[in-house]
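J.: One structure, as structure tokens, below. Some questions next.
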Amino acid sequence: MAGHGSPQLVADGTGLHVAIVASTWHEQVMAGLIDGATRAVREAGCEDLAVVRVPGSFELPVACARLARTYDALVALGVVIRGGTPHFEYVCSGATNGLTQVAVNAGVPIGFGLLTCDDEAQALDRAGLAGSREDKGYEAAQAAIAMAATLAKLDRARVSDFHDDDATFRDGL
211 MAGHGSPQLV
221 ADGTGLHVAI
231 VASTWHEQVM
241 AGLIDGATRA
251 VREAGCEDLA
261 VVRVPGSFEL
271 PVACARLART
281 YDALVALGVV
291 IRGGTPHFEY
301 VCSGATNGLT
311 QVAVNAGVPI
321 GFGLLTCDDE
331 AQALDRAGLA
341 GSREDKGYEA
351 AQAAIAMAAT
361 LAKLDRARVS
371 DFHDDDATFR
381 DGL
């Protein structure tokens, strides 16, 4: 069951500069994802929000790489629907690997809101629209903001803040 065991993330995003990077394919689904991500960013207290549109999901990593220079957290949103050719796998793998590389190399969290679905019905069910079972845009934004808060704590951490035996924070994150 999708969404089963999902964490309830609550993060303070006050003062964070956040950008949502969204593809243009499947506009109905994208509208729901963008709305959900925007809502999560605003609920977290972020006032500095940019929304950048890119042609497709394959272009998400390069836009995120550029934005990672000036933003604290990014939310990548896109939809790829399986067709009858290997194109689906190429786009999904390229976008996923590219976003991972950008996040790790730049040290900037990227909420992963790339829907990889077998059909449009699956995408609509995850888009946060009326009648959808899930809101992946909202979840991706929450994850990006929570991770930005975690990274900020790590930046302020001292070695003495860690337990010797298991490398966890004494007071939690």
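Residue numbers (my numbering): 211 to 383. Just so it is clear, CB atoms sit at the ideal spot from N, CA and C, and this is done for glycine as well. Predicted model only: the values in this text are computed from it and were never measured.
1) Taking C-alpha atoms, which residue in 357, 333, 282 lies nearest to residue 241?
2) At 4 residues or longer, what runs of the alpha helix (DSSP H) sit wholly inside the stretch 302-340?
3) For a test of the three-state rule: what should DSSP assign to residue 276, helix, strand or coil?
4) To the nearest angstrom, how far is the alpha carbon of residue 315 from that of residue 343?
5) Going by DSSP in three states, residue 297 sits in which element: helix, strand or coil?
6) Determine the closest residue to residue 233 out of 330, 321, 289, with distance taken between C-alpha atoms.
7) Do you know offhand how far residue 293's Cα is from residue 302's?
8) Got a sec? Which residues, its chain only, sit under 6 Å from residue 336 by beta carbon, not counting five neighbours each side?
9) Between residue 270 and the ligand ADP, is the CB less than 7 Å from at least one heavy atom?
10) With 16 other CB atoms within 10 Å as the buried threshold, where does residue 310 fall?
11) Which of the three DSSP states, helix, strand or coil, is assigned to residue 231?
12) Can you tell me which of 328, 282, 312, 320 puts its alpha carbon nearest to the alpha carbon of residue 297?
13) Would you check if the distance between the CB atom of residue 318 and the CB atom of residue 278 is smaller than 8 Å?
14) Of all the options 321, 267, 285, 255, which has the alpha carbon lying nearest to the alpha carbon of residue 299?
15) Suppose the cutoff is 6 Å on Cβ atoms and the five residues either side in sequence are ignored; what does the same chain contact list for residue 258 look like?
16) Out of 281, 222, 237, 265, point me to the one whose CA is closest to residue 255's CA.
T.: This is what the structure holds:
1) By 1-based counting over the sequence shown, the position of residue 241 is 31. If you compare the alpha carbons of 357, 333, 282 with that of residue 241, the shortest gap goes to 333.
2) 330-335
3) Position 66 of the sequence shown, counted from the first residue, corresponds to residue 276. Secondary structure of residue 276 (DSSP, three-state): helix.
4) For the purposes of this step, residue 315 is identified with residue 105 of the sequence shown, where counting begins at 1. For the purposes of this step, residue 343 is identified with residue 133 of the sequence shown, where counting begins at 1. So the two alpha carbons sit approximately 34 Å from each other.
5) Numbered from its first residue, the sequence shown carries residue 297 at position 87. If DSSP states are grouped into helix, strand and coil, residue 297 belongs with the helices.
6) To locate residue 233, count along the sequence shown from 1; it is residue 23. By alpha-carbon distance to residue 233, the top candidate from 330, 321, 289 is 289.
7) Mapped onto the sequence shown, residue 293 falls at position 83. Mapped onto the sequence shown, residue 302 falls at position 92. In a straight line, the C-alpha of residue 293 is about 12 Å away from that of residue 302.
8) For the purposes of this step, residue 336 is identified with residue 126 of the sequence shown, where counting begins at 1. Counting only Cβ-Cβ distances below 6 Å, and skipping sequence neighbours, we find 325, 344, 346.
9) The model on display carries no ligand, and the ligand ADP is accordingly not part of it.
10) Position 100 of the sequence shown holds residue 310. Residue environment analysis places residue 310 among the exposed positions, since fewer than 16 neighbouring C-beta atoms fall within 10 angstroms of its C-beta.
11) What you label residue 231 is simply residue 21 of the sequence shown in a count that begins at 1. Residue 231: strand per DSSP, three-state reduction.
12) For the purposes of this step, residue 297 is taken as the residue at position 87 of the sequence shown. Looking at the Cα atoms, 328 is the closest of the given residues.
13) On the sequence shown, position 108 is the one that residue 318 refers to. On the sequence shown, position 68 is the one that residue 278 refers to. Against a cut-off of 8 Å, the Cβ pair of residue 278 and residue 318 comes out as a contact.
14) Here residue 299 is taken as the residue at index 89 of the sequence shown, counted from 1. Nearest option by C-alpha distance: 267.
15) For the purposes of this step, residue 258 is taken as the residue at position 48 of the sequence shown. Contacts found: 227.
16) Residue mapping note: residue 255 aligns to position 45 of the sequence shown, counting from 1. Of 281, 222, 237, 265, the residue nearest in Cα terms is 222.
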